[in-house]
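Here the protein sequences line up with chains L and S, keeping their order. Residue numbering for the first sequence follows our numbering, beginning at 246 and increasing consecutively. Residue numbering for the second sequence follows our numbering, beginning at 246 and increasing consecutively. C-beta: ideal position from N, C-alpha, C; glycine also. These numbers come from a predicted model, not from an experiment. What follows is a single structure, written as structure tokens, with notes after it.
There are 2 protein chains.
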Amino acid sequence: MKPGDSFENEFVITQEVQNGFISLFRDENPLHMDHRFAREKGFEGVVMHGNILGGFLSYFIGECLPVKNIIIHSQEIKYVKPVYLDEVLLLKAEIKNIYESVNAIEFNFAFQKKINAIVVAKGKFQIGII
Amino acid sequence: MKPGDSFENEFVITQEVQNGFISLFRDENPLHMDHRFAREKGFEGVVMHGNILGGFLSYFIGECLPVKNIIIHSQEIKYVKPVYLDEVLLLKAEIKNIYESVNAIEFNFAFQKKINAIVVAKGKFQIGII
């Protein structure tokens, strides 16, 4: 792996994923559960939990990179646009820096809607090679 | 809510939570699954997925704050120490800044081990009032 290398994977927040997340973590905030509330607040419908994208990052980092002997040091995410049920998202991550002295690699990433490439969330994460 | 106000909640990554997270997001990286691998890498045992703490933050933000009409703008977390199965964690969050002009509130947070107050993860998140 070297700076500029990029990796991607597709994700969808299906009803099954949303239900699983709610059942696991019990965040039943009305923005995620109540269509009428969400529409009154100006959204198209209930908004998916931002931390579902964190679960996708977990899979991406743990399973989609060319090395398995890694641990996450830090993770930052900005939620740019609401994500709705069943939207197909493309996660793209690019190596920004490699810190050889401490065996760490920093990535920039973005989740885009597959249909129009609009970025819904972006940020960075740093992993350590263990 | 005003700067300095603080909120807290207890969380535990039980076997049920870990299994639920793996079943939902399919991150089966050996650090999370293979005790021998984790010990060879210098850990006491398999390390819990960092993004499980993101699920706890989702619950905390969506359900434990005094207002429900909120959305997460951004979230940053640094993983300071590994978290192991069944450790009792205390999440403490404090309001750092309130940006009235844009209806946003910034919090600092830390997850501590309840038994000895050692911080395992820390960071900040910003929410918007909707």
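Inset, instruction - Compute the Euclidean distance between the alpha carbons of residue 301 (chain S) and residue 346 (chain L), then round it to the nearest angstrom. - result: Sequence index remark: in the second sequence, residue 301 (chain S) carries index 56 (1-based). Sequence index remark: in the first sequence, residue 346 (chain L) carries index 101 (1-based). Distance between the alpha carbons of residue 301 (chain S) and residue 346 (chain L) is about 33 angstroms.
Inset, instruction - Return the residue from the list S:256, S:269 and S:313 that minimises the CA-CA distance to residue 279 (chain L). - result: Numbered from its first residue, the first sequence carries residue 279 (chain L) at position 34. Nearest of S:256, S:269 and S:313 to residue 279 (chain L), Cα basis: S:313.
Inset, instruction - Could you check which residue in S:270, S:256 and S:355 has the C-alpha nearest to that of residue 321 (chain S)? - result: By 1-based counting over the second sequence, the position of residue 321 (chain S) is 76. For the residues S:270, S:256 and S:355, the minimum Cα distance to residue 321 (chain S) belongs to S:355.
Legend entry - Continuous beta strand (DSSP E) stretch holding residue 373 (chain L): start and end: Mapped onto the first sequence, residue 373 (chain L) falls at position 128. First-last of the beta strand (DSSP E) with residue 373 (chain L): 364-374.
Legend entry - Same chain only: Cβ atoms within 6 angstroms of residue 297 (chain S), ignoring 5 sequence neighbours per side: For the purposes of this step, residue 297 (chain S) is identified with residue 52 of the second sequence, where counting begins at 1. Result list for residue 297 (chain S): 258 and 266, in chain order.
Legend entry - Cβ neighbour criterion (16 or more within 10 Å) applied to residue 319 (chain L): Counting from one through the first sequence, the residue named residue 319 (chain L) turns up at place 74. So residue 319 (chain L) ends up on the buried side.
Inset, instruction - Tell me where the alpha helix (DSSP H) around residue 294 (chain L) begins and ends. - result: As a working mapping, residue 294 (chain L) is identified with position 49 in the first sequence. Unbroken run through residue 294 (chain L): none, as it is neither H nor E.
Inset, instruction - Per DSSP, which residues does residue 263 (chain S) bridge with? Please list them. - result: Taking the second sequence and counting its residues from 1, one reaches residue 263 (chain S) at position 18. According to DSSP, which records beta bridges pairwise, residue 263 (chain S) is partnered with nothing at all.
Legend entry - For residue 257 (chain L), the residue or residues it bridges with in DSSP: Within the first sequence, numbered from 1, the residue matching residue 257 (chain L) stands at position 12. Per DSSP, L:333.
Legend entry - Start and end residues, beta strand (DSSP E) containing residue 351 (chain S): Translated into positions along the second sequence, residue 351 (chain S) becomes position 106. 349-358 is the span of the beta strand (DSSP E), which, as asked, contains residue 351 (chain S).
Legend entry - Interface residues of the region 289-309 of chain S facing chain L [CB-CB below 8 angstroms]: 292, 294, 295, 296, 299, 300, 301, 302, 303, 304, 306, 307 and 308
Legend entry - Exposed unless 16 or more other CB atoms sit within 10 angstroms - verdict on residue 264 (chain L): What you label residue 264 (chain L) is simply residue 19 of the first sequence in a count that begins at 1. Exposed, because fewer than 16 other Cβ atoms sit within 10 Å of the Cβ of residue 264 (chain L).
Inset, instruction - Show which residues of chain S have a CB atom less than 8 angstroms away from the CB atom of residue 271 (chain L). - result: Position 26 of the first sequence, counted from the first residue, corresponds to residue 271 (chain L). The answer, in chain order, is 304 and 308.
Legend entry - Start-to-end residues for the beta strand (DSSP E) that takes in residue 321 (chain L): Position 76 of the first sequence holds residue 321 (chain L). Here the beta strand (DSSP E) through residue 321 (chain L) covers 315-324.
Legend entry - Bounding residues of the alpha helix (DSSP H) (the contiguous stretch that carries residue 281 (chain L)): Here residue 281 (chain L) corresponds to residue number 36 of the first sequence, with the count starting at 1. 280-285 is the span of the alpha helix (DSSP H), which, as asked, contains residue 281 (chain L).
Inset, instruction - Look at residue 362 (chain S) and residue 352 (chain S) and say whether their C-beta atoms are less than 7 angstroms apart. - result: If you number the second sequence from 1, residue 362 (chain S) lands on position 117. If you number the second sequence from 1, residue 352 (chain S) lands on position 107. No, the pair does not count as a contact, with Cβ atoms beyond the cut-off.
Legend entry - Minimum Cβ-Cβ distance from residue 311 (chain L) to chain S less than 7 angstroms: Locating residue 311 (chain L) in the first sequence gives position 66, counting from the first residue. No - not a single Cβ of chain S is within 7 angstroms of the one on residue 311 (chain L).
Legend entry - Best match in L:340, L:281 and L:364 for proximity to residue 373 (chain L) [C-alpha to C-alpha]: Looking up residue 373 (chain L) in the first sequence gives position 128. Residue 373 (chain L) has its Cα closest to that of L:340, out of L:340, L:281 and L:364.
Inset, instruction - Compute the beta-carbon to beta-carbon distance between residue 357 (chain L) and residue 334 (chain L), rounded to the nearest angstrom, for a pair I have assumed lies under 8 angstroms. - result: Within the first sequence, the letter at position 112 stands for residue 357 (chain L). Within the first sequence, the letter at position 89 stands for residue 334 (chain L). Yes, residue 357 (chain L) and residue 334 (chain L) are in contact; Cβ-Cβ is about 7 angstroms, under 8 angstroms.
Legend entry - Cβ-based neighbour list, residue 290 (chain S), same chain, cut-off 8 angstroms, excluding 5 preceding and 5 following: Residue 290 (chain S) sits at position 45 when you count from the first residue of the second sequence. Once the five neighbours on either side are set aside, the close Cβ partners of residue 290 (chain S) are 280, 283, 284, 329 and 330.
Inset, instruction - Would you decide whether residue 368 (chain L) is buried or exposed? Buried here means 16 or more other CB atoms lie within 10 Å of its CB. - result: Numbered from its first residue, the first sequence carries residue 368 (chain L) at position 123. Per the 10 Å Cβ criterion, buried.
Inset, instruction - Write down the C-beta distance between residue 327 (chain S) and residue 364 (chain S) rounded to the nearest angstrom, noting that I regard them as a contact closer than 8 angstroms. - result: Stepping through the second sequence from its first residue, residue 327 (chain S) is reached at position 82. Stepping through the second sequence from its first residue, residue 364 (chain S) is reached at position 119. In fact, because the Cβ distance is near 12 angstroms, the residues do not count as touching under 8 angstroms.
Inset, instruction - Quick one: residues in its chain with C-beta nearer than 6 angstroms to the C-beta of residue 371 (chain S), no 5 flanking neighbours on either side, listed in chain order? - result: Taking the first residue of the second sequence as position 1, residue 371 (chain S) is located at position 126. Excluding positions up to five away in sequence, the list reads 318, 319, 349 and 351.
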